[in-house]
Structures are given as structure tokens and as C-alpha cells.
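Asker: Sharing a structure, written as C-alpha cells. Questions coming.
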Amino acid sequence: MSGREESEFLRGDIGVDGQAVEEEKDEAEVQRGEAVEALARGRAYLGREFLTWLLWMSNSGVTITQHEGEDLSLLVVGQVILRGLAGDATELAVKGHLSAYSDVVRSAIDKGLLVHQARLRIQFGEQVYEVTLDAEHLDFKGAQIPKVLSEEDADQITERLFLCERLAGLVDALWGAFMEVRASGEWKKKAVPGIKRWVSEAG
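Residue numbers (my numbering): 34 to 236.
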């Protein structure tokens, strides 16, 4: 190996065989990119299952789970966005106060679309919170917390932070309830058949 080749080898420009490694680097980069993309798709799909499950559970008005000893229930309000992987329609946006429970949405789910974005009105004891969740990263958008009761400015800030943290805890509790079902036999035995029955009833 010449002095020049040795320098190129030490820089990582060529391999031990003297050939350039640029193509190998590009291939590795491509593989990493594909892995990240596959992970994102899988995470988004799980998020869609979560939001679709919440919609189905909330339709019956039952308590979904408990948090800090209080019942936790919700309604899906406002615009709802559904997405699918294939077919004639891969995205559907439906507007209206309770449009998420409409026959249009249920028919779309029956055809393979899942809820990708929804606004949740969460009832926690006597408190009501609202937040829009996106299936991709479960990011919070347009969060609304209960009215702050403190009168002092410093106390109001502290109370707002507490309520925001509680909202995050409520969403975590909902996610935990979903994952408990999703990772168990109850998902295939009860949840999936229940969702299928519900959407098939759409007129």
C-alpha cells in the first residue's frame, strides 16, 4: 500500500482492498433510512389502532380506565381524519361536532381506514380536558385544560403546569389501557370483533 493509499485508508475513503467505500456507505445509509421509515410506519399504524379503539370504546360511553382513583371516559369531538394504506380512498376528513360517530366514519373504518387524527374530550372526575392527537407521534395540539382557580399570578402558573402534566398523565393512562388490551388475547377475541360489529352497523 502506497503512502497515498495509506492516507486514504486511514481517512476511510478506501477499504483494505484499495477500492472506494463510498458505495458501501451509501448502501448503509439507505438501509438506515429504510429502517427508520419502517419504524415510523409501524408506530403510526399502532397510533391509528389506538385512536380507532378509543373511538369505539367512547361510543358506548363506558369508563375506559381509571387514573389516580378517578374514572376516565371521553368523547371524540370535532374533525376526525382517517387514513388507509391502499384502496381508492387513502384519506378522509369529516367535520362536525360528533362526526366521528357518523355512518360515514364507520363505513370508512369498515373499508379499512383507521383514525389518524382526532380531538378528544376527556372526562376525569368533574374535570374536562380537550386535546387533538395525531397517530404519527401522539403529539398534543390545541390542548384545553380546566379553568384555573388560583388568584395569584404565581399560583396560576403553577396550577396550569399541574393541569398540563395531568393531561399528559391522562393520555398516558389511555395509552396504557389500550396497550394492555392490544398485547393480550382480548384484542383478537373481543376488541377486533367488537369494532367490526360496530362499523358493520353503519347505514
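By construction, the Cβ of each residue, glycine as well, lies at the ideal position given by its N, Cα and C atoms.
Let me know the alpha helix (DSSP H) ranges lying completely inside the segment 148-172, each 4 residues or longer, listed in chain order.
Answerer: Whole alpha helix (DSSP H) segments, 4+ residues: zero.
Asker: Between residue 138 and residue 103, what straight-line distance do the alpha-carbon atoms span, to the nearest angstrom?
Answerer: Here residue 138 corresponds to residue number 105 of the sequence shown, with the count starting at 1. Here residue 103 corresponds to residue number 70 of the sequence shown, with the count starting at 1. Near 30 Å, if we compare the C-alpha coordinates of residue 103 and residue 138.
Asker: DSSP three-state label for residue 174, please.
Answerer: Taking the first residue of the sequence shown as position 1, residue 174 is located at position 141. Here residue 174 sits in strand by DSSP.
Asker: First and last residue of the beta strand (DSSP E) that includes residue 114?
Answerer: As a working mapping, residue 114 is identified with position 81 in the sequence shown. Counting along the chain, the beta strand (DSSP E) containing residue 114 begins and ends at 103-116.
Asker: Secondary structure at residue 124, three-state DSSP: helix, strand or coil?
Answerer: In the sequence shown, counting from the first residue as 1, residue 124 sits at position 91. If DSSP states are grouped into helix, strand and coil, residue 124 belongs with the strands.
Asker: If you draw a straight line from the alpha carbon of residue 106 to that of residue 91, how long is it in whole angstroms?
Answerer: Walking along the sequence shown from the start, residue 106 turns up at place 73. Walking along the sequence shown from the start, residue 91 turns up at place 58. One C-alpha to the other measures close to 7 Å.
Asker: When the Cα atoms are used, what is the spatial distance from residue 180 to residue 233?
Answerer: One-based indexing of the sequence shown puts residue 180 at position 147. One-based indexing of the sequence shown puts residue 233 at position 200. The alpha-carbon atoms of residue 180 and residue 233 are separated by roughly 40 Å.
Asker: Would you check if the segment 164-180 and the segment 139-155 touch, i.e. whether three or more CB-CB distances between them fall below 8 Å?
Answerer: Contact holds: three or more Cβ-Cβ distances are below 8 Å.
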